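Undergrad:
There are 2 protein chains.
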Amino acid sequence: MSTPRMTETSYIVLGLLELAEPATPYDLKGLAQRSVFNFWSIPHTQIYTECQRLAGAGLLEEKREDSGRRRRIYTLTASGREALNAWRAEPTHRMYEVRDLGVLKLFFGADPAQLAPAQVEAHQRKLDEFEAIAAEFPEMPEGSRLALEMGIAHEREFIRFWSELEKGKRD
Amino acid sequence: MSTPRMTETSYIVLGLLELAEPATPYDLKGLAQRSVFNFWSIPHTQIYTECQRLAGAGLLEEKREDSGRRRRIYTLTASGREALNAWRAEPTHRMYEVRDLGVLKLFFGADPAQLAPAQVEAHQRKLDEFEAIAAEFPEMPEGSRLALEMGIAHEREFIRFWSELEKGKRD
DNA sequence: CCCGTATGGTCCGATTCGTATGATTCGAAC
DNA sequence: GTTCGAATCATACGAATCGGACCATACGGG
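These protein sequence lines map, in sequence, to chains A and B. With our numbering applied, the first sequence closes on residue 171, and no number is skipped along the way. With our numbering applied, the second sequence closes on residue 1171, and no number is skipped along the way.
(1) Look up residue 55 of chain A in the DSSP assignment and say whether it is helix, strand or coil.
(2) Is residue 110 of chain A buried or exposed, if buried means 16 or more other CB atoms sit within 10 Å of its CB?
(3) Report the neighbours of residue 39 of chain A on chain B: residues whose CB is nearer than 9 angstroms to its CB, in chain order.
(4) DSSP three-state call for residue 1077 of chain B: helix, strand or coil?
(5) In terms of DSSP beta bridges, what is residue 1072 of chain B paired with?
(6) Listing by chain order, which chain A residues have their CB less than 8 angstroms from the CB of residue 1124 of chain B?
(7) Tell me whether residue 93 of chain A is buried or exposed, calling it buried when 16 or more other Cβ atoms sit within 10 Å of its Cβ.
(8) Considering only heavy atoms of the ligand GDP, does any lie closer than 7 angstroms to the CB of residue 1111 of chain B?
(9) Which class does residue 1023 of chain B belong to by DSSP, given the choice of helix, strand or coil?
(10) Taking 8 angstroms as the threshold (C-beta atoms), are residue 19 of chain A and residue 76 of chain A in contact?
(11) Could you check if residue 1119 of chain B is buried or exposed, using at least 16 other CB atoms within 10 Å of its CB as the buried criterion?
(12) Measure the alpha-carbon distance for residue 80 of chain A versus residue 1098 of chain B and round it to whole angstroms.
(13) Under 8 angstroms, with one C-beta from each stretch per pair, do the region 113-130 of chain A and the region 1143-1150 of chain B reach the 3-pair mark?
(14) Could you tell me whether the region 1041-1058 of chain B touches the region 1024-1033 of chain B, where touching means 3 or more Cβ pairs closer than 8 angstroms?
(15) Roughly how many whole angstroms lie between the Cα atoms of residue 953 of chain B and residue 1149 of chain B?
(16) My guess is that residue 1130 of chain B and residue 1155 of chain B are in contact by the Cβ rule of under 8 angstroms, so how many angstroms apart are they, rounded?
(17) Taking the alpha-carbon of residue 162 of chain A as reference, which of A:132, A:138, A:101 has the nearest alpha-carbon?
(18) Taking residue 128 of chain A as the reference, give the member of A:117, A:153, A:108 with the closest Cα.
(19) Strictly by DSSP, which residues pair up with residue 98 of chain A?
(20) Comparing alpha-carbon positions, which option in A:34, A:114, A:166, A:63 lies nearest residue 1085 of chain B?
(21) Assuming residue 1039 of chain B and residue 103 of chain A form a contact by the criterion Cβ under 8 angstroms, report the distance between their Cβ atoms to the nearest whole angstrom.
(22) Using the Cβ count rule (16 or more neighbours within 10 Å means buried), how would you classify residue 132 of chain A?
(23) Quick one: what does DSSP say residue 35 of chain A is sitting in, helix, strand or coil?
(24) So, is residue 1138 of chain B buried or exposed, given that buried needs 16 or more other C-beta atoms within 10 angstroms?
(25) Hey, would you say residue 1014 of chain B sits closer than 8 angstroms to residue 1083 of chain B, going by beta carbons?
(26) Under 8 angstroms, Cβ to Cβ, is there at least one residue of chain A near residue 1044 of chain B?
(27) Does the separation of the CB atoms of residue 29 of chain A and residue 47 of chain A fall below 8 angstroms?
(28) Starting from residue 1163 of chain B, follow the alpha helix (DSSP H) in both directions and report where the run begins and ends.
(29) Could you give the distance in angstroms between the alpha-carbon of residue 1073 of chain B and the alpha-carbon of residue 164 of chain A?
(30) Strictly under 8 angstroms for the Cβ-Cβ distance: is residue 143 of chain A near chain B by that measure?
(31) Can you have a look at residue 1105 of chain B and say buried or exposed, based on whether 16 or more other CB atoms are within 10 angstroms of its CB?
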């Protein structure tokens, strides 16, 4: 049970499990797709391997159904819970980038007017999606709601930005 | 010269090269660090391998110094230029995520007030950096300027968001 | 009981990552 | 004009990730 390498993926699994335990990786996958993956996605196969890794490290407990599909069912152990809490409590300076393919093309000299309509549309769709979620679950947990609001704010920003470029077409 | 797999990394190299050719991978690395990597970074070793790959595919021409360090010096070929233009011209629907470690923690229930100060500070620093770049190069190419403005807008948004949570401390 | 579809999970080659390290050049000191 | 350290330039390579393809089980309807 040496201290395992912990990545964002690890904490995503721990965090999801806290919301849903006991759960199979498949359960987590479903939950994730309706939530975190909207702003931080990982390939679904990672969930399976990460569960195994974390179980090996003693942060998760693994049970198997003894018949049928023999699914693996996970719960948090005390040290899993502890790791999650420690991560949550520790503020962070580490930053990520707001990567956007449209902006990358723009940077390298693409024609703004040519890019803009598709970008507006794509970001509008994302925004609609977020707002639908917000409307559907008005009683969402505080943290999720805030994360969602942040997502909405960014999408609005993208739309504002690209809309302006779209209007600039006439130049 | 089979059609090579083209990734964002490929276009970053092509785009940088267009700005700086003829150039060594090292030159590109330097240029990138002062520009694109601010919003779309890749490990520097990738630049070396990507140059070789693209040269193998006929999109770049490689010359080597014949003495000393025997550096590889690259220029775009006609088909390299063509690939870059095609990429730029083609609008895109593919989206990326705005990943932010703070938001991830928030989502999983971290205490907003505990996270906020560090987040405000980190994003403020990033914003200052961007604004310094904007001030230093007022005559930046159109595309870069727009990309930078987008970055600035997003950083402001992050700051607004986290500042509000910071104020909410009293609850 | 058979088949089609949905569910649940794994495999594995290809790619990417990033640390560690190696090699060349340059300049300043003596 | 040689030695040393720092800066420049570059690669090697093991570990981690990626994601498409595929396999297995369950379930419902005819």
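Ideal Cβ placement from N, Cα and C applies to all residues, glycine included. Just so we're clear, the structure is a prediction, and the values are computed from it rather than from any experiment.
TA: Here's the rundown:
(1) helix
(2) buried
(3) 1097, 1098, 1099, 1100, 1103, 1104, 1107
(4) coil
(5) B:1064
(6) Residues of chain A passing the Cβ test: none, with the nearest at roughly 11 angstroms.
(7) exposed
(8) The model depicted lacks the ligand GDP and carries no ligand whatsoever.
(9) strand
(10) no
(11) buried
(12) 27 angstroms
(13) no
(14) yes
(15) Residue 953 of chain B is absent from the structure shown; chain B starts at 1001 and stops at 1171.
(16) 6 angstroms
(17) A:101
(18) A:153
(19) B:1098
(20) A:114
(21) 7 angstroms
(22) exposed
(23) coil
(24) exposed
(25) yes
(26) no
(27) yes
(28) 1142-1167
(29) 40 angstroms
(30) yes
(31) buried
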